[in-house]
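Here the structure is laid out as structure tokens; the discussion comes afterwards.
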Amino acid sequence: NKAACNMYLPYNEKYGIHPQDDSFLDKELWDFENTPEEKHPLLLHYHPLVLYRHQLCKQADVVLALFLQSHKFSLEQKRRDFDYYEKITTHDSSLSTCIFSIVANDIGYHEKAYDYFIKTARMDLDDYNGNTRHGIHTANMAGSFLSIVKGYAGMRVYEDVLCFHPYIHPNWEKYSFKITYRGSIVKLTIDGKGTVYELVEGKSIKITHRGKDFVLKDRLILK
Numbered sequence: 099n100k101a102a103c104n105m106y107l108p109y110n111e112k113y114g115i116h117p118q119d120d121s122f123l124d125k126e127l128w129d130f131e132n133t134p135e136e137k138h139p140l141l142l143h144y145h146p147l148v149l150y151r152h153q154l155c156k157q158a159d160v161v162l163a164l165f166l167q168s169h170k171f172s173l174e175q176k177r178r179d180f181d182y183y184e185k186i187t188t189h190d191s192s193l194s195t196c197i198f199s200i201v202a203n204d205i206g207y208h209e210k211a212y213d214y215f216i217k218t219a220r221m222d223l224d225d226y227n228g229n230t231r232h233g234i235h236t237a238n239m240a241g242s243f244l245s246i247v248k249g250y251a252g253m254r255v256y257e258d259v260l261c262f263h264p265y266i267h268p269n270w271e272k273y274s275f276k277i278t279y280r281g282s283i284v285k286l287t288i289d290g291k292g293t294v295y296e297l298v299e300g301k302s303i304k305i306t307h308r309g310k311d312f313v314l315k316d317r318l319i320l321k
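Per the working numbering, the sequence shown runs over residues 99 to 321.
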């Protein structure tokens, strides 16, 4: 609790964004345009002391905070931070694109969210990072699930209540998943007509759907 209470996220009035640290905006931008493709991923071709002297992120950092503490940032603020960090994030970490997909859906950037989701889901199938021969990215696979549950279904837990704000991409007919919350198993099925909530096992639970309160006792069909 002490560590959480003393955690600090800077804010820059001029740019209207949250820099990663107090000196982040004093650093030079990386010259992506003149960086050869064969020099990617950067962390395998440049010394850390070179990389860390630039405004450069290998993964979602501040963008991760926008996901974990989404309710503490306005929509406009999240968009400003996302737009800024998207340009300087290399996604050299396999744990990055899933977070960008979740936040992109949260702020209404649905096409970007879909692109990031595809990169997450097909990370090893298409060998996006050029290193699948060394082993599959199992944590990234969990990120694919998070992209669906937290990104497309918009699941959050606020004040001990399961909250959902489902969205379905036009390329999909439907998607479905199960979650376990405090001993209760809940199944969601989302299609173009709405969302079906089913209590598969356990006690009834409170949920919110697009900001409205419901009690899931058996089955709910909501628009």
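Ideal placement from N, C-alpha and C gives every residue a C-beta, glycine not left out.
These numbers come from a predicted model, not from an experiment.
The three-state secondary structure of residue 216, taken from DSSP, is helix. Residue 191 has its alpha-carbon roughly 12 Å from the corresponding atom of residue 138. The beta carbon of residue 143 lies closer than 7 Å to those of 137 in the same chain, with the five residues before and after it left out. DSSP places residue 244 within a helical segment (H, G or I) once states are collapsed to three. Residue 195: not part of any beta strand (DSSP E); member of the alpha helix (DSSP H) spanning 195-204, first to last residue. Residue 218 sits close to residue 241, with the two beta carbons spaced by under 8 Å. A Cβ-Cβ distance of about 16 Å is found for the pair residue 275 and residue 307, leaving them out of contact under the 8 Å criterion. Between residue 153 and the set 169, 171, 126, 167, the nearest pair of CA atoms involves 126. A Cβ-Cβ distance of about 5 Å is found for the pair residue 156 and residue 188, placing them in contact under the 8 Å criterion.
Per DSSP, reduced to three states, the secondary structure at residue 168 is helical.
Restricting attention to 124, 300, 288, the CA atom closest to the CA of residue 281 is found in 300.
Annotation for residue 261: the continuous beta strand (DSSP E) segment containing it runs 259-262. A contact between stretches requires three or more CB pairs, one per stretch, nearer than 8 Å, and the segment 174-184 fails this requirement with the segment 219-229.
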